[in-house]
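S.K.: For what it's worth, the numbering used here labels the leading residue of the sequence shown as 111, then goes sequentially. Beta carbons are placed, not taken as given, at the ideal position from N, Cα and C, and that holds for glycine. First the structure, which I've put down as structure tokens, then a few questions once you've had a look.
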Amino acid sequence: MMLASQDNGTIYSSYSDHHRNLREMNYYVHDFSNKTREEIEWFFYSRMDHVVIGIVMPVILSLGFLGNGLFMFVTFRVKSMRTITNFYLISLAFADVCYLAIGIGEKLACLHSSTVHSDVHAFGVAFCLTIFPMVRTCAFASLFLVTLVTLDKYDAICRPIEHRVRTSPGRSHTKYVILAAWVVAFCLAAMTIPASSEYFTSYVVYNDATSEHHPELISYCWPVNGWIVMVVNGMQTLPFFFALFPNFFMYFQIIRKLNDRLIGRNIPQFVRNGTKMRNTVAKMLVLNGSVFFTCNMPFHTLSLIYVIVFFCDSATREFWQTKLQPVQPYVQLLLYVNSAVNPYIYNAVNRTYRKALYKAILCQKRIVKTSDRPSTRRTSSTVYAATEVNSEDTHL
111 MMLASQDNGT IYSSYSDHHR NLREMNYYVH DFSNKTREEI EWFFYSRMDH VVIGIVMPVI
171 LSLGFLGNGL FMFVTFRVKS MRTITNFYLI SLAFADVCYL AIGIGEKLAC LHSSTVHSDV
231 HAFGVAFCLT IFPMVRTCAF ASLFLVTLVT LDKYDAICRP IEHRVRTSPG RSHTKYVILA
291 AWVVAFCLAA MTIPASSEYF TSYVVYNDAT SEHHPELISY CWPVNGWIVM VVNGMQTLPF
351 FFALFPNFFM YFQIIRKLND RLIGRNIPQF VRNGTKMRNT VAKMLVLNGS VFFTCNMPFH
411 TLSLIYVIVF FCDSATREFW QTKLQPVQPY VQLLLYVNSA VNPYIYNAVN RTYRKALYKA
471 ILCQKRIVKT SDRPSTRRTS STVYAATEVN SEDTHL
């Protein structure tokens, strides 16, 4: 098999007239002239592909745009929502929107440009060099941001005094931490470019019964070498599992700490309200993180299996590829679902987020009741409040 050269965009209508020129141009030839339609149906988009990519994915994309867009709008519109935790969540929402737009957009573009599965002939080599690294950048960034949110909430619940000092005005480095997360994500994604950088074009020969409406020149984004794919699978899987166990350890500690704490009757009402809000936000983030890792687990498990079977004999590799390939589209669908559901979890679990949404939509001004303001008199209760305040009271 030889590497394809760039063509001039001409679609040849007859193999008998052009096969010599095509071989001189080093095109690989898929000869299906002796194959029936049923024997090569795996080569084309199926009806289920059209349903999943053409209907289900646009619905997920629309819900993701709506939910994440509203969350970012509300956070910028309502001043009380501009907290350190929400700043992480805004970055996560941005990563989710980009992941949905690029990932689903790429699949819709391929579906509507060709009948052949994953054919990128209409978009050229730039498509291979940019789209897939951009998708991986968003995926890495989402993983890092979810971990940062968990770490922030773990510090706020389990080490409240140190967290309060570290996140006080003038000492917070949240913006730089988020920027670093995106830079690391970009660098890791850039290292995966060789897995999809080769623009491989081939010529397809059909028989008279299967040639109608199918392209004769097709292109794929191929790796520069077969083992590169396994390296990339490992690169995107190992960070996930390295983050999985620390995150769930912190979730366990957060829940245990919240269950151990009781709000006494002698505690002022504003402190009780703040503690209750903190607990609600913490549980919301634990649920959000659990959904994230649950939806991502099947994809990274498949990637890990591919890495393992790469070192097995050819019969074992073929067996597992045959078993796993039909599952891949649905596993990837879970990744898109995860990117779309986050803001709906926020609003379903946390009443504060719902109130902020109503306020932003109705353009209400912020009203502070005098009775809700804490007393300026310094007592033991205010000292207690200082130890109980978490990042939800720290504004950027």
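1. VAL235 and TYR309 look like a contact to me (Cβ under 8 Å); what is the Cβ gap, rounded to whole Å?
2. For the region 378-461, list the alpha helix (DSSP H) runs that are entirely contained and at least 4 residues long, ordered along the chain.
3. Would SER306 and CYS238 be called neighbours here (beta carbons separated by less than 7 Å)?
4. Restricting to Cα atoms, I'd like to know which of VAL315, ASN448, GLY179 and ASP423 is closest to PHE409.
5. Could you check the C-alpha separation between ALA425 and THR432 for me, to the nearest Å?
6. Check whether the Cβ atoms of TYR198 and LEU258 sit closer than 7 Å, and answer yes or no.
7. Rounded to a whole number of angstroms, what is the C-alpha to C-alpha distance between PRO243 and TYR456?
8. Look at the alpha carbon of PRO168 and the alpha carbon of ILE214, and state the distance between them as a whole number of angstroms.
9. Mind listing, in chain order, the continuous beta strand (DSSP E) runs of no fewer than 3 residues lying wholly within the region 226-266?
10. Check whether the region 294-306 and the region 249-267 touch, using three or more Cβ-Cβ pairs below 8 Å as the test.
11. By DSSP, does GLU308 sit in helix, in strand, or in coil?
12. Does TRP332 pass the burial test, meaning 16 or more other C-beta atoms within 10 Å, or should it be called exposed?
13. Grouping DSSP H, G and I as helix and E and B as strand, with all else coil, what is HIS273?
14. Mark ASP423 as exposed unless 16 or more other C-beta atoms lie within 10 angstroms of its C-beta, in which case mark it buried.
15. Taking DSSP as the reference, what is the three-state secondary structure of VAL161?
16. Starting from HIS222 and walking both ways along the alpha helix (DSSP H), at which residues does that stretch end?
17. Which one or two residues does DSSP pair with TYR316 in a beta bridge?
18. Compute the Euclidean distance between the alpha carbons of PHE186 and ALA466, then round it to the nearest angstrom.
19. Going by C-alpha distance, which of ARG192, VAL162 and ILE328 is nearest THR284?
20. Going by alpha carbons, who is nearest to THR247 out of HIS231, ASP229, ALA219 and LEU298?
21. Whose CA, out of GLY336, SER201, ASN357 and ILE212, lies closest to the CA of TYR286?
22. Under the DSSP definition of a beta bridge, which residues are partnered with LEU327?
23. Counting only the same chain and skipping the five closest in sequence on each side, list residues whose C-beta sits under 6 Å from that of ILE163.
M.R.: The short version:
1. 4 Å
2. 379-419, 424-434 and 438-459
3. yes
4. Answer by Cα proximity: ASN448.
5. 11 Å
6. yes
7. 29 Å
8. C-alpha separation (whole angstroms): 8 Å.
9. none
10. yes
11. Reduced to three states, the DSSP call for GLU308 is strand.
12. buried
13. helix
14. Classification of ASP423: exposed, given that the 10 Å Cβ count is below 16.
15. If DSSP states are grouped into helix, strand and coil, VAL161 belongs with the helices.
16. 194-223
17. PHE142
18. 11 Å
19. ARG192
20. LEU298
21. SER201
22. TYR313
23. LYS217 and LEU221
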